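One line per chain: the protein sequences are W and X, in this order. Sequence positions in the first sequence follow this note's numbering and run 375 to 739. Sequence positions in the second sequence follow this note's numbering and run 375 to 739. This report refers to the structure that appears directly beneath it.
2 protein chains.
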Amino acid sequence: MARRDRPAIGPLDARAQAILRAVIEEYVVTATPVGSAALVERYHLGLSSATVRGVLADLEAAGLLTHPHTSAGRIPTDRGYRFYVESLADSTTLPAVEQLMIRHQFGQVQFASDHWFRLAATTLASMTGSAGLATAAKPAAVRLRRLDLVAQDHLASFVLVPLEGTIKQGQLSLPRRVDQAELTRVANRLNVELAGLTAAAIEAQVPAYYAAATLPGIDHDSAQAREALLVGRVAERIARTMRESDAASIEEVYSDGLLNVMEAPEFAHSEKLRRVFTALENRAYLGDLLGMMTGSGRIHVFIGHENTPAEMGDVSLVLARYGRPGRAVGVVGVLGPTRMAYPHAIGTVGFVSGLMNELVDHLYS
Amino acid sequence: MARRDRPAIGPLDARAQAILRAVIEEYVVTATPVGSAALVERYHLGLSSATVRGVLADLEAAGLLTHPHTSAGRIPTDRGYRFYVESLADSTTLPAVEQLMIRHQFGQVQFASDHWFRLAATTLASMTGSAGLATAAKPAAVRLRRLDLVAQDHLASFVLVPLEGTIKQGQLSLPRRVDQAELTRVANRLNVELAGLTAAAIEAQVPAYYAAATLPGIDHDSAQAREALLVGRVAERIARTMRESDAASIEEVYSDGLLNVMEAPEFAHSEKLRRVFTALENRAYLGDLLGMMTGSGRIHVFIGHENTPAEMGDVSLVLARYGRPGRAVGVVGVLGPTRMAYPHAIGTVGFVSGLMNELVDHLYS
DNA sequence: GTTAGCACTCTCCCCATTAGAGTGCTAACA
DNA sequence: TGTTAGCACTCTAATGGGGAGAGTGCTAAC
C-alpha cells in the first residue's frame, strides 16, 4: 500500500511522468482508453504490465488519469493534460517543413486585407485538424484616415476608412435635406481637419464646430451657419462610431474547420458540440480571454473545464495574442477536443501568431 | 389490377392528390414513413385504410412515393415533392405575423451595410428552421466612388469604395519608391477624373495616362512624366480590380443555421452533410444557379437529386434572385433536407427577397 | 521493488426471439 | 364497380441472454 501514501499532488518521479506521457500520447491517437498491456507493447518502458498498472493506479490517485469503468483502460483528466502541457510536452517548435507550408500559404495572399485573418483560421484548421480561430487585429484607438459621405434625402451614408483596422460603414440622419455637393464639401473639410485623429480628439473638436454655427454675430440661417452645424453633426457621428469600435475588444471572429472537430469520435453524436458553436459565436467570450492573455509570444492553453462556460467543458483552446499592446491586438488559435495533440497545436499557433506579429508590424509601422 | 393500368405519369385524380399531399405533410412533420392507418386517423379522408393503401400503391407506381422496405409506410420521392410543390402546395404567402416579425428584425439594422445580407441569412434560418443563405447584391458593373492610397515603400495599399457593392482593398507595386504626399496627389487626381466610371471606362483612360508620360516633347525623367506614369499604373490596377469584381457572379455567400440542418434526424449520423457543406463553400455552384434563375419575383426550388452535384442529393434549395437585372443582383434562400416544409420556405424566401428588392431599389436609386 | 499469475468485473457484440407496424391480396359488400 | 373487412405475410426494431475479451487489482514469489 506504500503507493497510495504518495501525496495526491506533488512531484512525480520520472517513471510516472514517462508513463503519463505515454498514456496521453497514445490516447490522443487512438481515442480509446489505454491499458497497461498496450503501453508496454508500444512504448519500450522496460517494465511489465503489472508494474505499469501500479503506476497507473498512482496517477489515477493523483487525479491525472481516470477510469471510464472498472475493466477499461485509463484516460487523462483535464489535470492530466494540464500537467502534460506544462512539464511533459515535447518540443513545441514546429518542424521546418510545416513552417514552410504555412509560409507558402501566407505568401499567396495580399497584404493589407482582412483575408489575412481568414487565412490564419484556415491554415490553423488544416494544419492541426481542429478548428482554427482568428480575430482581426483591432487597434487600441482608431485614427481616421478618410471619410466619405453620400447623400440619401435627409440621410447620409458614410464610409470611414481608418488608418488601421477595418473599414466602417454606417448612416446618419441629417438636420435637413442636403445635396451631394454640400456633403462632399463637408467631407473634404473634415478629411483635412480630422485626418489622423482619434475618437477622443475628434470629440474635442465637435464643440468648436457647433459654436461656429451659433456664434452671436452670425445669422443662424445663413448657409455658413447651417453648414457648420452639419459639420458638427457629422463629426459627432463618426467620433461615436470610432468610439464604439474602440470599446469593443474584438470585432469579428473568423473560424474554420469546425467540421473537423465535429468529426472527432467523442462528438459523433453531438449534442454538446452545438452548444460549443453557439458559445463561440458570442464574441464576448473570446474578448474576455483576450483580456486574460499576456505577452505576445506566450501561448495560452485552456483545457476542458478550465473554460468557465460549462458548454466548453469538453473542448480545449490553444490561443495566442498577437500584435502590439497599446497599438493593435488580436487572437489566433485552435479549438479542439480536450484529446488534442497539444505540442503540435502549440507549435502551430506559436508560429502563426509570429507571422501575424510580423504582419502587424508591417502594417502599423 | 385495374389500378396498375393507370399511366405512370399523368393527371392524378383529386383523391390521389389529397392523399399525396397528406403523406408529404405528415412526413415533413414526423420524419418517419407514413402508413395508411396514420393517414385515415389524422386526415379525415372519409376512406378506409384499405382504400388508402390502394391509392398509395398507385402513387408509388407513379414514382411519387417509395417504400424503405416492405413493412414500412411510404415516403415521398423527389418527384413526389416536385409534384407537391408545383400543384398541391397550399398558399405560400407568409402569414402576417411572420411578415411582421421579419420586418421588425430588418428594422433593427442600419441601411447600407453588408449586415443586411447576414441578417437575411440569419432571418431565413430562424424562420424556417433550415439553413439560410444570402449573397450580397453584386452590381453588374462596379462604378468608382472613391479611391484612397497609402504608401508602403515601393508598394501602395489601396481602398476602393464603389458607388454600390462592397469595398475592395488591395495592394499594388509601384515603379519606384513614392512618398505619401505624391500618392495623395495621385489619388485626388484620379478621384476627380474617374469618379463614377466603370472598369471599362477607366481602362479606356489608361493609354492616355501612359501617353502623357512618354510624350515625345517631354523629359521622361521629369517629375511630371514620372507622376503620369504612376497615375497610369494606379488606374490600370484599380480597373483590373473592378474588372475582376465584375467578372465574379457572386462575391461572398453568407450562411447561417447550418446547425439546424445538422440536427435533422436524417442527418444524425452525418457523413453526407459534411460534403454538402463543402460543396456550399464553393461559390461557383451558387453562381451557376444564379445564372439559371430568372425573374425577380420567382422562387426556384431545387429538390434532392435535381441538384447536379451528387453531394446535394439529400438536400433541397429554395432560392430567389433579388435586385435589378443589369444593375445588381444577389441570391437569398434556404437549404434544408428534402423533407422540408416547402410552402412555408417558399413563402419566407419570397417575402425576404421582396424586402431585399426594396433595399436594392433604395440603395441604387 | 518487480513480476507472474489469477480471479474478478465490466463492456461490447452476437444471436435468437418477439412484438408491432404495415403491406398486399382476396373475398364480400353496397 | 368501387370500397371495405379480414388475414397472411414480411420486415424492422427492440429485448434479453450468453459468451468473448479487455483490463483491472491483488497476492505470492522472485
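The beta carbon of each residue, even a glycine, is placed where N, CA and C say it ideally should be. Quantities reported herein were computed from a predicted structural model and do not represent experimental measurements.
Three-way DSSP call (helix, strand, coil) for residue i in this model
| i | result |
| --- | --- |
| residue 558 of chain X | helix |
| residue 727 of chain W | helix |
| residue 639 of chain W | helix |
| residue 674 of chain X | strand |
| residue 687 of chain W | helix |
| residue 481 of chain W | helix |
| residue 417 of chain W | coil |
| residue 539 of chain X | coil |
| residue 450 of chain X | strand |
| residue 403 of chain W | helix |
| residue 551 of chain X | coil |
| residue 647 of chain W | helix |
| residue 357 of chain W | Any answer about residue 357 of chain W is impossible in this case: the structure gives chain W only from 375 up to 739. |
| residue 588 of chain W | coil |
| residue 572 of chain W | strand |
| residue 382 of chain X | No answer about residue 382 of chain X holds up, because its pLDDT of 41 lies below 50 and its placement is not dependable. |
| residue 619 of chain X | helix |
| residue 433 of chain W | helix |
| residue 719 of chain X | helix |
Beta-carbon spacing of residue i, residue j below 8 Å
| i | j | result |
| --- | --- | --- |
| residue 415 of chain W | residue 408 of chain W | no |
| residue 525 of chain X | residue 557 of chain X | yes |
| residue 633 of chain X | residue 705 of chain X | no |
| residue 577 of chain X | residue 613 of chain X | yes |
| residue 707 of chain X | residue 693 of chain X | yes |
| residue 677 of chain W | residue 512 of chain W | no |
| residue 439 of chain X | residue 402 of chain X | no |
| residue 620 of chain X | residue 573 of chain X | yes |
| residue 712 of chain W | residue 464 of chain W | no |
| residue 496 of chain X | residue 720 of chain X | no |
| residue 537 of chain W | residue 608 of chain W | no |
| residue 627 of chain W | residue 507 of chain W | yes |
| residue 700 of chain W | residue 514 of chain W | yes |
| residue 733 of chain X | residue 490 of chain X | yes |
| residue 675 of chain X | residue 716 of chain X | yes |
| residue 498 of chain W | residue 726 of chain W | yes |
Neighbour list for residue i in chain X, Cβ cutoff strictly below 9 Å
| i | result |
| --- | --- |
| residue 522 of chain W | 519, 520, 522 and 535 |
| residue 541 of chain W | 533, 535, 541 and 543 |
Cross-strand partners of residue i (DSSP beta bridge)
| i | result |
| --- | --- |
| residue 745 of chain X | Because chain X is modelled from 375 through 739, residue 745 of chain X falls outside the range shown and cannot be assessed. |
| residue 704 of chain W | W/696 |
| residue 426 of chain X | Paired residue(s): none; residue 426 of chain X is not in a bridge. |
| residue 627 of chain W | W/509 |
| residue 711 of chain W | W/689 |
| residue 440 of chain W | W/449 |
| residue 408 of chain W | W/448 |
Euclidean distance between Cα positions of residue i and residue j
| i | j | result |
| --- | --- | --- |
| residue 383 of chain W | residue 454 of chain W | The predicted model places residue 383 of chain W with a pLDDT of 48, which falls under 50 and marks its position as unreliable; any figure quoted below should be read in that light. One C-alpha to the other measures close to 11 Å. |
| residue 437 of chain W | residue 667 of chain W | 27 Å |
| residue 375 of chain X | residue 431 of chain X | Low confidence applies here, because residue 375 of chain X scores a pLDDT of 34, under 50, leaving its location unreliable; read the following figure in that light. Their Cα atoms are separated by approximately 11 Å. |
| residue 561 of chain W | residue 569 of chain W | 11 Å |
| residue 405 of chain X | residue 647 of chain W | 23 Å |
| residue 588 of chain W | residue 601 of chain W | 11 Å |
| residue 638 of chain W | residue 654 of chain X | 22 Å |
| residue 555 of chain W | residue 500 of chain W | 50 Å |
| residue 658 of chain X | residue 567 of chain X | 35 Å |
| residue 687 of chain X | residue 450 of chain X | 14 Å |
| residue 580 of chain X | residue 571 of chain X | 13 Å |
| residue 442 of chain X | residue 427 of chain X | 16 Å |
| residue 585 of chain W | residue 552 of chain W | 21 Å |
| residue 541 of chain X | residue 534 of chain X | 6 Å |
| residue 596 of chain W | residue 520 of chain W | 28 Å |
| residue 478 of chain X | residue 471 of chain X | 11 Å |
| residue 649 of chain X | residue 641 of chain X | 12 Å |
| residue 444 of chain X | residue 393 of chain X | 20 Å |
| residue 662 of chain W | residue 684 of chain W | 15 Å |
Closer than 9 Å at the beta carbon, the chain W residues around residue i
| i | result |
| --- | --- |
| residue 568 of chain X | Chain W residues near residue 568 of chain X: none, gap ~15 Å exceeds 9 Å. |
Residues that residue i contacts on chain X, provided the C-beta gap is smaller than 7 Å
| i | result |
| --- | --- |
| residue 633 of chain W | 648 and 651 |
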